[in-house]
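Colleague: Letter by letter, the sequence shown follows residues 832 to 970 in our numbering. From the three backbone atoms N, C-alpha and C, an ideal C-beta is built for every residue, glycine too.
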Amino acid sequence: MTAARLRPMLLPAATVLAGCAAAAVVLAADPTSDAGFPLPPCPIRWLTGLDCPGCGATRMFYSLLHGDLLSALHYNALAVAFIPFFLWTWGGWVVGRWRGRPVRTWENWRWSPLVWLVLIAAWSVIRNLPFPPFSSLYV
832 MTAARLRPML LPAATVLAGC AAAAVVLAAD PTSDAGFPLP PCPIRWLTGL
882 DCPGCGATRM FYSLLHGDLL SALHYNALAV AFIPFFLWTW GGWVVGRWRG
932 RPVRTWENWR WSPLVWLVLI AAWSVIRNLP FPPFSSLYV
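1. Does any heavy atom of the ligand ZN sit closer than 6 Å to the C-beta of Phe917?
2. Taking the beta carbon of Met891 as the centre, do at least 16 other beta carbons fall within 10 Å, making it buried, or is it exposed?
3. Near Leu807, what residues of its chain come up, given a Cβ to Cβ distance below 7 Å and the 5 sequence neighbours on each side ignored?
4. Can you grab the Cα-Cα spacing for the pair Pro933 / Val926, in whole Å?
5. In chain order, what residues of the same chain lie with their CB nearer than 7 Å to the CB of Pro884, ignoring the 5 residues before and after it?
6. Going by other Cβ atoms of all chains shown within 10 Å of its Cβ, with 16 needed for buried, is Tyr969 buried or exposed?
7. Are Ala860 and Phe868 close, meaning C-beta to C-beta below 7 Å?
8. Classify Thr833: buried if its beta carbon has 16 or more other beta carbons within 10 angstroms, exposed otherwise.
9. What number of angstroms, rounded off, separates the C-alpha of Pro872 from the C-alpha of Cys851?
10. Given that a residue counts as buried once 16 or more other Cβ atoms are within 10 Å of its Cβ, and exposed if not, what is Leu896?
11. Tell me whether Tyr893 sits in a helix, a strand or coil according to DSSP, three-state version.
In structure tokens form, the structure reads like this:
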């Protein structure tokens with residue numbers, strides 16, 4: 832491999848290292864209990880008392896790192912559902928950098944932005960409804 836061929840892969844490698852560092856911080860912090868060091872609270876929840884679409888994502892990530900899918904789904908089911916799409920996008924970006932030309936992913940589909948906007952809006956409303964079974968989604 833030549834240096835010119837490997838140079839485009841430096842940024843993807845840096846994202847892997849950053850992801851590993853983030854995983855180490857989340858594992859050390861243990862956001863599911865008071866045992867670890869505190870992470871900053873969600874500003875939307877702090878200001879409004881409502882769960883934003885991303886609330887619980889750190890606890891979801893922590894649960895996934897421990898292989899606990901059911902807890903991860905409880906903390907943030909939409910974020911769990913988004914993980915394959917994120918990995919697809921990241922993989923397409925890496926392959927595109929390796930090949931030297933962009934790789935099309937789900938983001939290039941015509942209705943993707945609208946579908947995700949509707950899903951995020953619906954998740955925001957559903958997880959804040961104050962009656963069963965939706966009240967169990969509140970974290």
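Modeller: Here's the rundown:
1. Ligands displayed in this structure: none; no statement on the ligand ZN is therefore possible.
2. Your numbering for residue 891 matches position 60 in the sequence shown. Buried, by the Cβ-count rule.
3. With the chain running from 832 to 970 in the structure shown, residue 807 is simply not present.
4. For the purposes of this step, residue 933 is identified with residue 102 of the sequence shown, where counting begins at 1. For the purposes of this step, residue 926 is identified with residue 95 of the sequence shown, where counting begins at 1. Approximately 8 Å between the Cα atoms of the pair.
5. Position 53 of the sequence shown, counting from 1, holds the residue named residue 884. For Pro884, where only same-chain residues beyond five positions count, the Cβ hits under 7 Å are Leu909, Ile951, Trp954, Ser955.
6. Along the sequence shown, one-based indexing puts residue 969 at 138. By the neighbour-count rule (16 or more Cβ atoms within 10 Å), Tyr969 is not buried but exposed.
7. If you number the sequence shown from 1, residue 860 lands on position 29. If you number the sequence shown from 1, residue 868 lands on position 37. The answer is yes: Cβ separation under 7 Å.
8. Looking up residue 833 in the sequence shown gives position 2. Exposed, because fewer than 16 other Cβ atoms sit within 10 Å of the Cβ of Thr833.
9. Residue numbering aside, residue 872 sits at position 41 when the sequence shown is read from its first letter. Residue numbering aside, residue 851 sits at position 20 when the sequence shown is read from its first letter. Distance between the alpha carbons of Pro872 and Cys851 is about 22 Å.
10. Looking up residue 896 in the sequence shown gives position 65. Exposed, because fewer than 16 other Cβ atoms sit within 10 Å of the Cβ of Leu896.
11. As a working mapping, residue 893 is identified with position 62 in the sequence shown. Helix, per DSSP.
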